[in-house]
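Enquirer:
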Amino acid sequence: MSQPPLRAVIVPVTPLQQNCSIIWCTATMKAAVIDPGGDLPRIRAAIAQAGVTVEKILLTHGHIDHAGEAKPLADELGVAIEGPHEEDRFWLARLDDDGRSYGIRGVVFEPDRWLVEGDTVMIGDLTLDVYETPGHTRGHVIFHHPPSKLALVGDVLFQGSVGRSDFPGGDHDQLVRSVVEKLWPLGDDTAFIPGHGPASTFAHERAGNAFVGDAVLAGR
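Numbering (our numbering), first residue to last: 42 to 261.
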């Protein structure tokens, strides 16, 4: 059987058990680390076990558990950081303060490339589409690889739930719109890796998610 074009592993990191993901192009073995919030030894071990070469770091948003150690890892690997949207500059600028609050290392930085709707990011031969998905934070983005029917959605959507919207810049109604207008059109057969908890599919969430399931939204 032929290899799938994309493979991924999930590495839970920080006391908040955030899903750092390593995704790679099987043709080139070039990889990206998505949301390296902390626990760099664990991330390094996963990179080594996969046998990949990391060529960039991608961020869905600027919260401490997703971005706290992005800069140290980027410096160590000699790679660029892409994402999130510039509206999350607020969060990246306070990573050190938030890190002290949560007992997580936080290193302030500015990414090499801010992302906007319609951008693409390259990992080896793979092209991922970028969508702006505000609501959890103003500058949240997601990544989608259409051939693999896979999305990496950060803290927009979880199995059975959605991201919090009670942090500065959060907006629950906007979050719901992001799910309905940006995620659902990608297709029910799309699988997704969330920022926390187990992976799921959009079909599963439309059928039973307590916040954005079709029946729930029909009754709003």
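Glycine included, every Cβ here is placed at the ideal spot set by N, Cα and C.
Express the C-alpha separation of G159 and Y172 in angstroms, rounding to a whole number.
Expert: Those two C-alpha atoms are separated by around 7 Å.
Enquirer: Should the stretch 188-200 be regarded as contacting the stretch 111-123, the criterion being three or more beta carbon pairs within less than 8 Å?
Expert: Segments in contact, no.
Enquirer: Out of H186, R205, L167, point me to the one whose CA is closest to P175's CA.
Expert: Nearest option by C-alpha distance: R205.
Enquirer: Any contact of the stretch 212-220 with the stretch 79-93, i.e. 3+ C-beta pairs under 8 Å?
Expert: Result no; under three Cβ-Cβ pairs closer than 8 Å.
Enquirer: Taking a contact to mean a Cβ-Cβ separation below 8 Å, would you say I98 touches P77 in this structure?
Expert: Yes; because the gap between Cβ atoms is below 8 Å, this pair is in contact.
Enquirer: Under DSSP, the beta strand (DSSP E) around L193 begins and ends at which residues?
Expert: Unbroken beta strand (DSSP E) run through L193: 191-195.
Enquirer: Assuming H245 is part of the beta strand (DSSP E), what are its boundary residues?
Expert: Not the beta strand (DSSP E): H245 falls in the alpha helix (DSSP H), residues 243-249.
Enquirer: Expressed to the nearest angstrom, what Euclidean distance is found between the alpha-carbon atoms of Q44 and K71?
Expert: Rounded to the nearest angstrom, the two C-alpha atoms are 15 Å apart.
Enquirer: Examine the Cβ distances between the stretch 131-142 and the stretch 222-235 and report whether three or more of them are shorter than 8 Å.
Expert: Short answer: they don't touch.
Enquirer: What does a CB cutoff of less than 7 Å around L156 pick up in its chain, not counting 5 residues either side in sequence?
Expert: Excluding residues within five positions, the ones whose Cβ falls inside 7 Å are E123, G124, P125, H126, V171, V182.
Enquirer: Let me check one thing: in DSSP terms, what residues is D170 bridge-paired to?
Expert: BP columns for D170 point to T161, H185.
Enquirer: Helix, strand or coil, according to DSSP, for P56 in the structure here?
Expert: It is coil, neither helix nor strand.
Enquirer: So the candidates are A89, H102, Y143, V74; which of them puts its Cα closest to the Cα of P56?
Expert: When each option's Cα is compared against that of P56, the closest is Y143.
Enquirer: Taking the alpha carbon of A244 as the point to measure from, which residue in S219, Q200, G238, D207 has its own alpha carbon closest?
Expert: Minimum Cα distance to A244 is reached at Q200.
Enquirer: Go through the stretch 58-113 residue by residue and report every complete run of the alpha helix (DSSP H) that reaches 4 residues or more, in order.
Expert: DSSP runs (the alpha helix (DSSP H)) wholly in the stretch 58-113: 81-91, 105-108.
Enquirer: Leaving out five residues on either side along the sequence, give the residues of the same chain with a beta carbon under 6 Å from the beta carbon of F20.
Expert: Since the first and last residues shown for the chain are 42 and 261, residue 20 lies out of range.
Enquirer: Of the residues G238, D139, E151, which one's Cα is nearest the Cα of A202?
Expert: A small fix is needed here, since residue 202 is Ser in this sequence, not Ala. The candidate whose alpha carbon is nearest that of S202 is G238.
Enquirer: Given this structure, state the Cα-to-Cα distance separating C61 from I75, to the nearest angstrom.
Expert: Cα to Cα, the separation comes out at about 6 Å.
Enquirer: Identify the continuous alpha helix (DSSP H) that holds A240 and give its terminal residues.
Expert: That residue, A240, is in no alpha helix (DSSP H); it is neither H nor E in DSSP.
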